[in-house]
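Q: Supplied in structure tokens, the structure appears directly below.
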Amino acid sequence: MTVGEWLSERQRSEYNERNRTYNSNNRSSCNTDVVHMNKAELVGRLLMLLVGFAVAMLGLIYAIHTQDVYLGILISVGGVASMYVGLPQ
């Protein structure tokens, strides 16, 4: 086993230990690298992405059409940050 294989195996096991979820019927634990979300969290994250995209575009439009370029860029950065928060871990 090389160092890269050991490191990737260690990172994978640490990820699985932190994000371990169980089925409702407790058949077995989920040891894959899939992020599990309930419906409410999924809808919230999708809304966060869409609102962030809209705010980023509005900030860009504001920067182009007014004299406050820095404020428009700042609004756009806030929208991109909101989109980043809405992405899965």
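Sequence positions in the sequence shown follow numbering that gives the first Met the number 0 and run 0 to 88.
For each residue, glycine too, the CB sits at the ideal point set by N, CA and C.
1) Measure from the alpha carbon of Y83 to the alpha carbon of each residue in F52, M56, Q66, D67, then state which is nearest.
2) DSSP on L86, reduced to helix/strand/coil?
3) If I measure Cβ to Cβ from V79 and keep anything under 8 Å in the same chain, skipping five residues before and after, which residues do I get?
4) Residues in its own chain within less than 8 Å of V68 by CB, not counting five upstream and five downstream?
5) Kindly list the residues whose CB is nearer than 6 Å to the CB of E40, restricted to its own chain and excluding five residues on each side of it in sequence; keep chain order.
A: In short:
1) F52
2) coil
3) G51, A55
4) A62
5) none
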